[in-house]
Structure formats: structure tokens, C-alpha cells
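Residue numbers (our numbering): 3 to 333.
Here a beta-carbon is modelled for each residue, glycine too, at the ideal position from N, C-alpha and C.
Remember, it's a predicted structure, so these values are computed and weren't measured experimentally.
To start, the structure itself, in C-alpha cells.
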Amino acid sequence: MKLKISRLKLFGILITILAKLGNTQIIKIDGSSTVYPITEAVAEEFQKIKKGEIKVTVGISGTGGGFKKFYRGEIDISNASRPILKKEMEECEKNGIEYIELPIAYDGLAVMVNPKNNWVDYMTVDELKKIWEPEAEGKIKRWNQVRPKWPNRPLNLYGAGVDSGTFDYFTEAIVGKAKSSRGDFTSSEDDNVLVMGIAGDINALGFFGLAYYEENKDKLKLVPIVNPKTGAKVLPSEKTVMEGLYQPLSRPLFIYVNKKSAERPEVREFVEFYLKNASRLVKEVKYIPLPEKAYKLAEKRFNKRITGTVFAGEAKTGIKAEDLFRPEEKK
3 MKLKISRLKL FGILITILAK LGNTQIIKID GSSTVYPITE AVAEEFQKIK
53 KGEIKVTVGI SGTGGGFKKF YRGEIDISNA SRPILKKEME ECEKNGIEYI
103 ELPIAYDGLA VMVNPKNNWV DYMTVDELKK IWEPEAEGKI KRWNQVRPKW
153 PNRPLNLYGA GVDSGTFDYF TEAIVGKAKS SRGDFTSSED DNVLVMGIAG
203 DINALGFFGL AYYEENKDKL KLVPIVNPKT GAKVLPSEKT VMEGLYQPLS
253 RPLFIYVNKK SAERPEVREF VEFYLKNASR LVKEVKYIPL PEKAYKLAEK
303 RFNKRITGTV FAGEAKTGIK AEDLFRPEEK K
């Protein structure tokens, strides 16, 4: 008899668990590896508060990969390290996907070498272009080809994956056209792979988001970039990014919310939680928060379900906080 009761209890527990799992609401997010740590931090805190009632999944397929899933209607929110592009806007329109563009942080793209590299003191945009432009493939292969006083050593390149917003932004800022790049470099959507590559190669030069440098600064050497307008040699930092001094490699980061998904209570609650806590959590994961006023404007945009983008589907560099909102939204 005791065995039967035990089985009945076990059966009841299993039914309860299955019922709870069946009622769990899921929010699907994918996209930028750069934005991932911020969204993941928000998701972790949000799920703790909801105590299992809502599950938030966060993938890393790069900004371009995230937008593909987004315009197919496969995810609710797309993490993006650049504004949505015209071709992605067209796909959204074709599929009836309306989106709310929400800026959530700033980031600087860091240019790095191995700590044992004792010859690189700074780099100019022209030097970076000479290295990364498509015409450099198979030709610019040694350090002294970039600057004659540098040693006659191999130049081994590491960079963000071609589906990432980081790659798009870097190529737009340095080469002058998004995705325009040489192809003979080690690329990865996983920034940790790039960290290991640069850290283990004295001849390495690479780029990725500043936050990943901050997490691995003991393994890497940061390179100052000459501001094309002022001529100053500037390292990326919260101060230089916020004040627009680190150019042209400073950028805003975004989440894009499917308007239809935003009508679901769990998605609405998550996005509201995201914007209210972004400033604190952005700092915790070593990114640069927007001014408080910008978060208030983002909340206003979301609450009013204002769709579309302020960037006209074009890649832009040197974006400041005031560029993130339409004039009428600032009132």
C-alpha cells in the first residue's frame, strides 16, 4: 500500500512539473555577440524575478544572422551592434514584421596586438585601411609594409565574423564600405576565439568590442587610434567613447523588438525591465551606458510602439546620443 501511495505521489509531482513546463512562456532572442553579455545579464535577473514562469533564450549568431531570424519571424528580439540595413528592412516589410528600434548602450571597437609587440605605438585610419581593404589580400602580409620602420615580420590578422555587426561597423568606419574587406584573416563570431588567437601570437593584430578587451586586458595590448579630425592618439574608454573623442570606432548598440511580440505580456514586461535596468547592468558587464535621458526616450518609444529606424537603412559611423532619436521624440 505504501508503495502505491509513493507511486501516486510521484505521478502527481511529474504531472505538476509537466504542467508548469507547459505554462512556461518563452522569449526568443538572438543576434550580436557584442550585445549578448548585456542581454544575457538582463535575462538572468529577469528570470530570477519571474521564478521560472518566463524563460528567455539568448543566442549568438551575429547581428546579420540575428536579423535573418528576426525578419523570418523566428525570434522576438534581435540584438544588434549596428542599425538595421536597408535590405533587412525590406525583408521585414516583405514578411510583415514591424520593429521597434531601441538603443541600449555604447561600445568602442578595440584594436589590439599581442603584449609582446613592442613596435606598435599607435595606428592611423589610413594604416588600418591599408591592412584591411580588399586590395590588401595576399599583398599586405608583413608589418613593415604598413609602416617601414616596423619590423619585417608576418602580419597575422584576427577579426569579427563576417555576419557580425562588429565586422560591418569596422569595415564601414575603416574601409568606407560595410563588409568590404580582405578575406585572408582569422574570423570568428566568438570573441573569445579572437582573444586566444591574439594572446598567443606575437605577430597578431585584431579587432573586436571594447568590453571583451576589458575582460582580457592582461592578455592583450590596446592600440591608440589617431582621431582623423583632431590628430590626437586616443585609446577607447568610457570617457573617450561618450565624449566622441575615440573616432571613428565608437558605436551605439541596439535591441530590435518585433511589434507583434511586444503585445505579449511577457515580452512587454521583459523589455520594460531591460530599459529600466540597462544603465546598471551595462556597467556591470563593462560596456558604456547611454545618458539617463536616452533610456527615458527609449522607454517612451517602446510604450508608444514607435516603429522603424532613424538611420534610413544605411551604415553610419560617429553616431552620438542625440542621433539616436527623432526630433519629435526629444520633446
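Relative to the Cα of residue 68, the nearest Cα in the group 204, 39, 100 and 31 belongs to 31. Cα atoms of residue 95 and residue 258: separation of roughly 14 Å, rounded to the nearest angstrom. Note: residue 236 is bridge-paired with 227 in the DSSP secondary-structure output.
For residue 27, the three-state secondary structure derived from DSSP is strand.
Per DSSP, the beta bridge partners of residue 103 are 258. If you look at residue 168, you'll find it in the alpha helix (DSSP H) that goes 167 to 176.
DSSP, read as helix, strand or coil, puts residue 264 in helix.
Inclusion of residue 104 and residue 256 in the CB contact set at 8 Å is warranted, their separation being smaller than that value.
Beta-bridge analysis with DSSP links residue 59 to 30. By the neighbour-count definition (other C-beta atoms within 10 Å, threshold 16), residue 51 is an exposed residue.
Excluding sequence positions up to five before and after residue 283, its CB lies within less than 8 Å of the CB of 40, 43, 44 and 47, all in the same chain and listed in chain order. A straight line joining the alpha-carbon of residue 224 with that of residue 316 spans about 29 Å. Put simply, the backbone Cα of residue 167 is about 12 Å away from that of residue 109. Nearest to residue 302 by alpha-carbon distance, out of 331, 111 and 178, is 331.
In the structure shown, residue 305 adopts helical secondary structure according to DSSP, grouped into three states.
Residue 206 places its beta carbon 8 Å or farther from that of residue 289. Ranked by Cα distance from residue 76, the options 247, 37, 210 and 33 are led by 33.
Remark: fewer than three beta-carbon pairs, one from each stretch, lie closer than 8 Å, so the stretch 237 to 251 and the stretch 80 to 92 are not flagged as touching.
In this model, residue 144 and residue 262 are separated by some 52 Å (Cα to Cα).
In this model, residue 117 and residue 220 are separated by some 8 Å (Cα to Cα). With fewer than 16 neighbouring CB atoms inside 10 Å of its own CB, residue 28 falls in the exposed class.
Counting C-beta pairs closer than 8 Å gives three or more between the stretch 294 to 309 and the stretch 320 to 327, which meets the contact rule. Taking a C-beta distance under 8 Å as the contact criterion, residue 202 and residue 208 do not qualify as a contact pair.
The alpha carbon of residue 135 has as its nearest neighbour, out of 124, 234 and 148, the alpha carbon of 148.
Between residue 102 and residue 309, the beta carbon gap of about 6 Å places them in contact (Cβ cut-off 8 Å). An exposed status is given to residue 267, since fewer than 16 other beta-carbon atoms sit within 10 Å of its beta-carbon. In this structure, the CA atom of residue 322 is about 27 Å from the CA atom of residue 78. Counting only the Cα atoms, residue 164 lies some 30 Å from residue 293.
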